[in-house]
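Note that numbering that gives the first Met the number 0 has the sequence shown beginning at 0, numbered continuously upward.
Presented below is the structure to which this report refers.
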Amino acid sequence: MSPELTSVRRIPLARPSIGDRERQLLEQVLSSGVLALGQFARDFEDAVAAVAGRAYGVACSSGTAGLHMAVRALGIADGDEVITTPFSFVASANCLLYERAVPRFVDIEEDSLGLDPDLVEAAAGPRTKGILPVHVFGRPCKIERMEALAAQRGWVLIEDACEALGSRQGDRATGSFGTASVFAFYPNKQITTGEGGVVVTDDAELASTIRSLRNQGRDEDGTWLSHVRLGYNYRLDEMSAAIGVAQLERLDELAAGRARVVRAYEAALGDREWLQLPRHAPDETVDWFVYVVRLDPTIDRGMLMEDLDARGVPARPYFSPIHLQPFYRDLGHKPGDFPVTERVAASTIALPFSAVLSDDDVAYVAAMLIEVVERRSRS
Ligand SMILES: *Cc1c(COP(=O)(O)O)cnc(C)c1O
């Protein structure tokens with residue numbers, strides 16, 4: 000490596016944008032003395048429900064907690080099968096295992112990288128109780144087909160919208176399709192609460208059950224030591240909720256920042272035969288959660304990541320298929336089970352991405368990617 004490259008900048012892979020409004024509301028919480036079970040969590044869950052066009056929102060401590068409560072509240076349990084995708088973050092399958100249900104993986108389709116509706120139909124069996132599709136990287140999966148299938152077969156639809164706050168399929172928001180739909184607010188998501196999630200639904204009774212599960216199984220009025228069911232402490236604290244309220248107020252601004260970064264990457268990377276940039280269908284609006292590009296399979300991704308890292312550019316494989324995680328292999332899954340997932344997963348890398356990544360940093364990342372790949376192919 001040439002000496003001038005040893006003092007390069009380090010570009011963050013992801014970075015939340017925390018401003019004055021977040022600090023102001025956080026200060027308000029701290030001064031109030033109400034640090035839990037307060038108004039900010041109620042305001043936050045209502046505001047998230049509004050973004051998704053849903054009647055009810057239930058704030059909770061993480062997206063994973065939200066998925067778990069959705070599974071439990073919908074009565075998915077011992078041996079029930081739920082059809083889901085292996086091309087996702089591990090939480091979307093783990094939430095089924097928590098209730099001893101069976102994640103019935105089926106492969107994805109190459110376009111949206113979400114569940115393939117034809118394979119979902121083919122996988123339906125007598126034990127199938129539901130379907131748990133994931134909107135991957137912020138892009139809607141074939142959710143209208145999933146919704147129709149669920150209605151036709153009497154399945155529950157748990158929509159993992161943890162990566163898709165603010166995206167739309169036609170005129171409907173992601174998060175508006177599920178019997179219950181779940182958003183997550185870890186710091187790399189479109190907006191953050193630090194840790195946090197919100198479950199949204201139009202079903203009043205379901206919302207009420209999830210509120211109870213979140214709060215140690217108390218009934219709706221939260222009576223101090225009256226527990227009507229086995230519950231959890233999955234509450235969202237007020238500091239996190241206040242940050243979330245401020246972030247949601249800034250959703251359009253942050254989405255505009257991400258759109259700017261997407262345009263900057265497109266301009267800088269252009270058309271290259273070894274590279275496929277994120278894309279979406281004309282009837283979709285996508286607020287990207289991450290910027291994942293696909294490389295020609297002949298490119299050695301491991302070497303590429305090392306070379307980029309040496310230039311201060313972190314890039315990560317994304318996702319690593321769930322069924323190939325050591326713990327899932329122990330459940331009987333193996334390489335070759337889901338060829339599209341495995342092929343896609345072997346060729347994707349997430350590039351640095353956030354609403355606050357500067358045009359200059361994007362140009363730098365793009366230049367380094369092109370240099371590393373094109374230099375290697377010449378040598
Ligand atoms: C982020 C994410 C979750 C939930 O993550 P938490 O860290 O628990 O908030 C669930 N599913 C997917 C696909 C995710 O990307």
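Beta carbons are placed, not taken as given, at the ideal position from N, Cα and C, and that holds for glycine.
7 Å CB neighbourhood of residue i in its chain, flanking five on each side removed
i	result
Pro-216	For the sequence presented, residue 216 should be read as Gly rather than Pro. Excluding sequence neighbours, Gly-216 sits near His-226, Val-227, Arg-228, Leu-229, Gly-230.
Glu-146	Leu-156, Phe-176
Arg-9	Gly-311
Residue i (DSSP reduced to helix, strand or coil)
i	result
Asn-93	helix
Leu-350	strand
Pro-116	helix
Phe-326	helix
Ala-240	helix
Phe-136	helix
Arg-310	coil
Arg-387	Beyond the ends of the chain as shown, which are 0 and 378, falls residue 387; an answer cannot be given.
Pro-338	helix
Leu-36	coil
Leu-224	coil
Leu-29	helix
Leu-268	helix
Identity of the residues DSSP links to residue i by a beta bridge
i	result
Ser-180	Glu-158, Val-199
Gly-129	Val-81, Val-155
Tyr-233	Note: Tyr-233 sits in no beta bridge, so no partner.
Thr-284	Arg-167
Val-291	Ala-349
Phe-88	None, per the DSSP bridge assignment.
Arg-99	Note: Arg-99 sits in no beta bridge, so no partner.
Ala-58	Val-197
Asn-214	Asn-232
His-279	DSSP output for His-279 lists no bridge partner at all.
Ile-107	Leu-114
Ala-172	Arg-167
Pro-316	Ile-348
Leu-303	None, per the DSSP bridge assignment.
Own chain, CB closer than 8 Å to residue i, minus 5 neighbours either side, in chain order
i	result
Thr-63	Ala-90, Asn-93, Cys-94, Ala-183, Gly-196
6 Å Cβ shell around residue i - same chain, five flanking residues per side excluded
i	result
Gly-74	none
Within-7 Å CB hit, residue i to chain D
i	result
Phe-136	Checking the listed chains, one finds no chain D in this structure; it contains a single protein chain.
Inset, instruction - Give a yes or no on contact between the stretch 69-86 and the stretch 111-127, applying the rule of three or more CB pairs nearer than 8 Å. - result: yes
Inset, instruction - Count the C-beta pairs between the stretch 230-241 and the stretch 34-50 that are closer than 8 Å, then say yes if the count reaches three, no if not. - result: yes
Legend entry - Validate contact between the stretch 314-324 and the stretch 161-170 using beta carbons, cut 8 Å, 3 pairs: no
Legend entry - Segment contact, 8 Å Cβ cut-off, at least three pairs: the stretch 325-343 with the stretch 359-378: no
Legend entry - Sufficient close CB pairs (3 or more, under 8 Å) joining the stretch 347-361 to the stretch 249-257: yes
Inset, instruction - Mind the definition here: the stretch 184-194 touches the stretch 204-219 only if three or more C-beta pairs lie below 8 Å; say whether that holds. - result: no
Inset, instruction - Specify whether the stretch 237-248 and the stretch 21-40 touch according to this definition: at least 3 beta carbon pairs, one from each stretch, less than 8 Å apart. - result: yes
Inset, instruction - Kindly confirm or deny that the stretch 57-71 and the stretch 263-270 touch, where touching means at least three C-beta pairs closer than 8 Å. - result: no
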